[in-house]
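Asks: There's a structure below that I have some questions on.
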Amino acid sequence: MNALHSTAAPPSSAAERETAIEARGITKIFGAANGFMALDNVSVAIRRNEFFTLLGPSGCGKTTLLRVIAGFEPPTMGVLSLNGRDISQLPPNKRPVNTVFQNYALFPHMSVANNIAFGLEMLGKSKSEIKDTVTEMLKLVQMEHLRSRRTSELSGGQQQRVALARALAPKPEVLLLDEPLSALDLKLRKEMQIELKRLQHETGITFIFVTHDQEEALTMSDRIAVMSAGKILQVGSPREIYAKPAERFVANFIGESNFLNATLAGDSVTLDAGGRFTVTPPEGVADGEVSVLVRPEHASVRAGEPGAGELAVTVETIVYSGDATTLHLKLATGETFKAKQPNAPAEAGVLPAEGDSAALTIAPGAVTVLKD
Amino acid sequence: MSEASLTTAIVEERVKPAKRRRAYNVRRLPGFAPIALFTFFALYAPLSILVFYSFNAGTSLAIWEGFSLRWYQQAANNAQVLDAAVRSLLLAAVSASVASVAATMAALATTRTRRFKGRTMIYALINQPLMVPEIVTAVALLIVFAWIKVATGYTGMIYLIAAHTAFCIPFCYLPIRARLETMDDTLEVAARDLYAPPLKVLTRVTLPLLWPGIIAGYMLAFVISLDDVVITEFVKSAGQETIPTYMLGQLRRVVTPEVNAISTVILVAGAVLVTLFFWISRGRR
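Residue numbers (the numbering used here), protein chains in the order written: chain P, 48 to 419; chain L, 432 to 716.
And the structure:
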């Protein structure tokens, strides 16, 4: 098995050359008897220089996958390769991969500069090279003024920057980030999101970022893998994941969703509540009963009787949230529906009141057929 | 930013006492003060008397005849006391050192490994010497060492060192393990991630952070060894007096304030060590 991989021809096609990390059939089971399957046959290819996010709820296996890539957990089955080379058997200290830990894990007995120098020292770099790189890294994360501080004297945001500098200093092929922003307050988190994007851009290093925060994933990533119960459900750009989720779980996890029952016939879907839409159904979905997704912001409501192409609804609750108003509606079928309307500068008064009958319009192209 | 957080800290500091006053307070329970006072009296009155009479000019332990340092001088010039003191210190230093090394390895093996079957059993086995009555251990060692002495003819210090090391190990193990358990083991993972091979992780991250625990364990073991009578009395060969066994021997003859003087010195030395122990284990968290 191993011999087969090592004798394989070096990757030649452009697509293959672009892959940094490739996981093939990675399975991780914790505990021998009736073990817990944290990763279930996961295969994914992560491209070079990409900001790749593993997104999912806690316990979905995203951190385990990260730890397998770092080498902290050996996979029960499967092959992990970096630039076409099988690294499944390498210990973490022999992988050109560094990690930014959720709690930063800065060495408390060392200064900021010594923390950043640690990886370089272990790689046997010369004193002068270490000094130069540390200075460069401190500049990169804007921490030059704190180089000789103890790490315990730093604020959370500063510790975050030191952890980034320490992991970037050895110039790894891949940087792994395990929910690094979760301990920061909202304002600092927004700042660090931009900072991380800048660092990724400047260093050209592949970032693999783990988060459970869908908004963070959407704003930062080049591509996102949505995970649930040890499996990757969908991989795609933020736009693809949001606009064309393949499964109900993905749609539900990312953004607000309305799920409606419908009947599919070819490229046309008819909602049970009424209305016919042209769709591109995903592969493997047969004609007949299906679930469809409509995002709340892709529907509009007006007071009055429904006309042609409009659905009759009853307004149940109205929630005002500053930039928008969300109307909770009941369709003729008894299904619930949320419609989100951007708020006009002046009180337009076109919105119905709670308890009113109203007319709902779903924008053409807003209906997505789901696999399940 | 730091100014703001400082202000918050000050404000919180001011608010806290007010909150505390409202909380449940055992000091308000009836009899609290008398019980506390009596306990402190019971703990420290005998010691105070002992220290007081160590400065007695007369030979009595009960009749004060004026201040003098004569018993300190006498103890310092007593060849037997000096011999015993040197032996005690040497024994404590060697035993505590060996025990610290063994306990550090044991603590690493029981906290920095994947959970294995029988780990709880290992804890129990390491700490067992704390539960076994000292007199039982002493008799057991007496018998075993007697065999070895007969078989080899060797009667040197090694028996005392072995015995003291053995009962010191759990005292070293406990603070070291406690320290390891409060230490974040992602630090070691991080070091590994930053290209440190396992031995470098130990020398560059684990041991420097564990150091306060090891020092604390060493000091505790040192004091315990210095203080031991029962096991030493059973294990020592002829002429191998330590300070405690020497004093015990003196009590069988004429008791003079010399014993008080020696006790006072040990008391002070012990207090200094325990204070250091406390500081070191509290600081550098």
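Beta carbons: idealized from backbone N, C-alpha and C, even for Gly. Note that the structure is a prediction, hence the values are computed from the model and not measured.
Tell me whether the beta-carbon of Thr111 of chain P lies closer than 8 Å to the beta-carbon of Leu129 of chain P.
Replies: Against a cut-off of 8 Å, the Cβ pair of Leu129 of chain P and Thr111 of chain P comes out as no contact.
Asks: Taking Cβ-Cβ distances below 8 Å as the criterion, which residues of the stretch 160-172 of chain P are in contact with chain L?
Replies: For the stretch 160-172 of chain P, which is checked against every Cβ of chain L, the residues closer than 8 Å are Phe165, Gly166, Met169, Leu170.
Asks: Answer with yes or no whether the minimum CB distance from Glu443 of chain L to chain P is below 8 Å.
Replies: Low confidence applies to Glu443 of chain L: its pLDDT is 45, below 50, so where it sits in the model is not reliable, and the reading given next is rough at best. It does not; no Cβ of chain P falls within 8 Å.
Asks: Specify the secondary structure class of Arg194 of chain P as computed by DSSP and reduced to three states.
Replies: Note: Arg194 of chain P maps to coil in three-state DSSP.
Asks: Listing by chain order, which chain C residues have their CB less than 9 Å from the CB of Phe119 of chain P?
Replies: This model lacks chain C altogether, as its protein chains are P and L.
Asks: Give me the chain L residues within the contact set of His442 of chain P, using Cβ-Cβ distance strictly less than 9 Å, ordered along the chain.
Replies: This structure leaves residue 442 of chain P out entirely; chain P is present only between 48 and 419.
Asks: Per DSSP, which one or two residues make a beta bridge with Ser404 of chain P?
Replies: Answer is P:Thr361.
Asks: Please identify, using Cβ separations under 8 Å, the residues of the stretch 693-708 of chain L that lie next to chain P, in order along the chain.
Replies: From the stretch 693-708 of chain L, no residue has a Cβ closer than 8 Å to chain P.
Asks: Kindly provide the ranges of any beta strand (DSSP E) runs that are 3 or more residues long and lie completely inside the stretch 107-159 of chain P, ordered along the chain.
Replies: The stretch 107-159 of chain P contains these whole beta strand (DSSP E) runs: 124-129, 144-147.
Asks: Going by DSSP in three states, Asn691 of chain L sits in which element: helix, strand or coil?
Replies: Reduced to three states, the DSSP call for Asn691 of chain L is helix.
Asks: What residue range does the beta strand (DSSP E) around Arg95 of chain P cover?
Replies: Counting along the chain, Arg95 of chain P falls outside any beta strand (DSSP E), and DSSP gives it neither H nor E.
Asks: Apart from the five residues just before and just after Gly701 of chain L, which ones in its own chain have a Cβ nearer than 7 Å to its Cβ?
Replies: Contacts found: Val654.
Asks: Counting only beta-carbon atoms, is Pro343 of chain P nearer than 8 Å to chain L?
Replies: Chain L, which has no Cβ nearer than 8 Å to the Cβ of Pro343 of chain P, makes this no.
Asks: Residues of chain P with CB closer than 8 Å to the CB of Ala593 of chain L, please, in chain order.
Replies: Those do not exist, as Ala593 of chain L stays about 35 Å from chain P at its closest Cβ, beyond 8 Å.
Asks: Which of helix, strand or coil does DSSP assign to Asp225 of chain P?
Replies: Three-state result, Asp225 of chain P: strand.
Asks: Does the beta carbon of Phe425 of chain P come closer than 8 Å to any beta carbon on chain L?
Replies: Given a span of 48 to 419 for chain P in the structure shown, any question on residue 425 of chain P remains unanswerable.
Asks: Can you tell which of P:Glu352, P:Gly351, P:Thr325 has its C-alpha closest to the C-alpha of Val339 of chain P?
Replies: If we check each option's Cα against that of Val339 of chain P, P:Thr325 comes out closest.
Asks: Mapping DSSP to helix, strand and coil, what is Gly701 of chain L?
Replies: Residue state, collapsed to three classes: helix.
Asks: Counting Cβ pairs closer than 8 Å, one from the stretch 152-165 of chain P and one from the stretch 211-222 of chain P, do we hit at least three?
Replies: A contact exists between the stretch 152-165 of chain P and the stretch 211-222 of chain P.
Asks: Can you pull the DSSP bridge partners for Phe77 of chain P?
Replies: Partner(s): P:Phe83.
Asks: Have a look at Thr568 of chain L and Ala692 of chain L and give me their C-alpha separation to the nearest angstrom.
Replies: Each residue's alpha carbon lies about 31 Å from the other.
Asks: Start and end of the alpha helix (DSSP H) containing Lys387 of chain P?
Replies: Not the alpha helix (DSSP H): Lys387 of chain P falls in the beta strand (DSSP E), residues 383-389.
Asks: Buried or exposed, going by whether 16 or more other CB atoms sit within 10 Å of the CB of Pro643 of chain L?
Replies: When all chains shown are included, Pro643 of chain L counts as buried.
Asks: Please report how far the alpha carbon of Pro121 of chain P lies from the alpha carbon of Pro227 of chain P, in whole angstroms.
Replies: Roughly 23 Å between the two C-alpha positions.
Asks: Beta-carbon of Trp710 of chain L versus every beta-carbon of chain P: anything under 8 Å?
Replies: Cβ-Cβ to chain P under 8 Å: no for Trp710 of chain L.
Asks: Who are the neighbours of Val636 of chain L on chain P, taking C-beta pairs under 7 Å?
Replies: Simply Phe154.
Asks: Excluding the five sequence neighbours on either side, which residues of its own chain have a C-beta within less than 8 Å of the C-beta of Gln504 of chain L, listed in chain order?
Replies: The answer is none, since no qualifying residue turns up.
Asks: Mind checking if Ile544 of chain L is an interface residue toward chain P, Cβ cutoff 8 Å exclusive?
Replies: First, the amino acid is wrong: residue 544 of chain L is Thr here, not Ile. It does not: the Cβ of Thr544 of chain L has no partner Cβ on chain P nearer than 8 Å.
Asks: Could you tell me which chain L residues have their CB closer than 7 Å to the CB of Phe148 of chain P, listed as they occur along the chain?
Replies: Going along chain L in sequence order, the residues near Phe148 of chain P (Cβ under 7 Å) are Thr617, Ala621.
Asks: Given this structure, state the Cα-to-Cα distance separating Pro477 of chain L from Thr687 of chain L, to the nearest angstrom.
Replies: Pro477 of chain L and Thr687 of chain L: Cα-Cα distance of roughly 16 Å.
Asks: Following the continuous alpha helix (DSSP H) through Thr663 of chain L, name the residue where it begins and the one where it ends.
Replies: Unbroken alpha helix (DSSP H) run through Thr663 of chain L: 661-666.
Asks: Report the start-end ranges of each alpha helix (DSSP H) in the stretch 466-540 of chain L that is 4 residues or longer and not cut off at the edges.
Replies: For the stretch 466-540 of chain L, whole alpha helix (DSSP H) runs of length 4 or above, ordered along the chain, are 501-508.
Asks: Give the interface partners of Pro639 of chain L over in chain P, defined as CB-CB distance under 7 Å, in chain order.
Replies: Near Pro639 of chain L (Cβ distances below 7 Å), the residues of chain P are His156.
Asks: So, Glu220 of chain P versus Ala67 of chain P, is the Cβ gap smaller than 8 Å?
Replies: Their beta carbons are under 8 Å apart, which means Glu220 of chain P touches Ala67 of chain P by this criterion.
Asks: Which first and last residues belong to the beta strand (DSSP E) in which Ala290 of chain P is found?
Replies: Not the beta strand (DSSP E): Ala290 of chain P falls in the alpha helix (DSSP H), residues 285-290.
Asks: I want to verify the contact list: residues of chain P whose CB lies under 7 Å from the CB of Lys548 of chain L, in sequence order.
Replies: Chain P residues near Lys548 of chain L: none, gap ~11 Å exceeds 7 Å.
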